[in-house]
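Asks: Going by my numbering, the sequence shown runs without a break in its numbering and finishes at 243.
This is the structure I want to talk about, given as structure tokens.
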Amino acid sequence: MNEKSTATPTSGGGGFLARQHDKLRFNELPETFFARVILAKCSDPTSKEITHVQLSLSDLFRTCKPDELESRLAGATFTTSHKITELTADFINAMFGSDLGAHSTTSAAADYYHDHIASRLKWLKAGEERDNKPPCIEDFEKRVSGQSIVFDITVRPALLVERVAQHIEVDFELTAKLLRVFLQAEHRPADPGPRIDYRKQVELLTDYLDEFPTVTCAWLVTCGSGARYETQDSVGF
């Protein structure tokens, strides 16, 4: 668990951009992340039939045993601001030269995690017609299991795969549009450094994946039967 008991709240006119993109907090994990977690728990991702899966914090913090996780969460609190409020502060500051800080809230650690998971599952269930994001899951329920919270999720895996792809595309386009606004603003935030457009990132990744099998096979032939694949893999992802 990498979260600290008290996260540094945003203040002094900074937001998501001011944090230099150096740390991704749990409440910044989008619905597409949880969609992929759900899909990984489906035995057949190509199935169009109703599938039931369960999701809990133990699936995300896999190095902790359930009782250890509960112990570490007990009594802990987090003070954070949501990415949306930080981006809003960034936008207003960039457009008007103000010194607005994002509002932060304090909550129990367990509530912090469970509330965010529930909010993302709600988005996956309802979708967002205005943003061209269709529903991805059929339904979910939140239930108490001992000292833990478990989310019972109903999903059609093949439909989830198809629709979450649309969510990812919309998110990339929205981020690109927002960054263009910041770049053109008179009072733009401090630049966290050069970045390339997501389309170029996808192009580079595709080129790498196309080349990787050829490179791997050539390497194995050169090294012989005693070659260890994990050595080659260590230079990849």
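Note that CB positions come from ideal geometry on N, CA and C, so glycine has one too.
Remember, predicted model here, so these are calculated numbers, not experimental data.
Please report the straight-line C-alpha distance between D73 and L79, rounded to a whole angstrom.
Replies: A straight line joining the alpha-carbon of D73 with that of L79 spans about 10 Å.
Asks: Of the residues A82, K47, I90, which one's Cα is nearest the Cα of T57?
Replies: K47
Asks: Quick check for students: name the residue ranges of the alpha helix (DSSP H) that lie wholly in the region 41 to 92, counting only runs of 4 or more.
Replies: Runs of the alpha helix (DSSP H) inside the region 41 to 92: 63 to 66, 72 to 79.
Asks: Taking only runs of the alpha helix (DSSP H) that begin and end inside the region 95 to 163, which ones reach a length of at least 4 residues, in chain order?
Replies: 115 to 132
Asks: Whole angstroms are fine: how far does the CA of G107 sit from the CA of N99?
Replies: 9 Å
Asks: What do you reckon, are the CB atoms on T91 and H109 nearer than 8 Å?
Replies: yes
Asks: Taking Cβ to Cβ, would you say L45 is nearer than 8 Å to P51?
Replies: Yes, they are a contact pair.
Asks: Is DSSP giving L35 helix, strand or coil here?
Replies: coil
Asks: Using the Cβ count rule (16 or more neighbours within 10 Å means buried), how would you classify T38?
Replies: buried
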